[in-house]
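1 is the number of the first residue of the sequence shown in the UniProt record's numbering; add one for each residue after it.
Each residue gets a CB set at the ideal place from its N, CA and C atoms; glycine is no exception.
Below: the structure, in structure tokens.
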Amino acid sequence: MSAHVPITSRPVVRTLWFALTALILAGCAQTRTPGYYDVPHDSTQSDAQMQAQGRDQAKAPSQVQLGFGNSRKADQNDATSTASSAAQAPTPAKPQLLAEAKTFLGTIPCLVNGNACSATRVTLTLAPNGEWRSRTLTLDGANAGHSQVQQGCWHVIGASPLRVLLQLKNQNAKADLSFANNEQLHINAIDNITPNLDYRLTRQADIDAISELKEPAMHCGN
């Protein structure tokens, strides 16, 4: 009976194992993209470009274009705005009846005894900035059709009902008026004359700017 001879021996197995391992590594190396094993660098051209873009993008939001070729930083704007808001003291609320421009119209008879004057049609516009403008049209007599325009500042002088004083540029009083309601003004006095009867000006749907008055707008401080 012949003796059994092993097909493989330890040296042969080791050799085959090394050969198989080398083959596998070679195949894996071929599947990697070029530069796969390159060590990454922190200062590559691509990284430099991205960092530069990142810096530009970080600065862009802080720049606000104001027009006219000017620009300044938004954080400076915010700081200025905050300081300005803090410096401004709160102002009292404007009476609701005077919060928007309103035009009133009415006819006023001669308020002095006799025939010393004629009836007039008065158009009065009150602006929320404290300015008033008026047009007074003479209705009869020798000056019929004559129109006079005036302007000045109004001032609140009473409440319940709301009462305003109309002053001319020279600080003289033009009229003393009370709001009978949102639609009517009661004439307490006009041109230093107190009417014996109840005369009123009625609010109009359209605002009359009294455009024939060529004087600049007044700074009334309201």
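- Three or more beta-carbon pairs drawn from the stretch 188 to 196 and the stretch 111 to 129 are found closer than 8 Å, and the two stretches are therefore classed as touching.
- Going by DSSP, His186 is part of the beta strand (DSSP E) stretching over Gln184 to Ile190.
- The beta carbons of Gly106 and Arg203 sit about 10 Å from each other, so the pair does not count as a contact at 8 Å.
- Looking at the DSSP output, Lys102 shares a beta bridge with Leu126.
- Scanning Ser160, Ala173, Met218 and Ala209 for the CA closest to the CA of Gln96 turns up Ser160.
- The stretch 132 to 191 is shown to contain whole beta strand (DSSP E) runs of 3 or more residues at 147 to 158, 163 to 168, 173 to 181 and 184 to 190, in chain order.
- When rounded, the separation of the alpha-carbon atoms in His219 and Ala116 is 36 Å.
- Sixteen is the threshold: when 16 or more other Cβ atoms of the shown chains lie within 10 Å of the Cβ of Gly130, as they do, the residue is buried.
- Contact between Leu168 and Gly152 is confirmed by a C-beta separation of about 4 Å, below the 8 Å threshold.
- In this structure, the CA atom of Asp191 is about 19 Å from the CA atom of Asp140.
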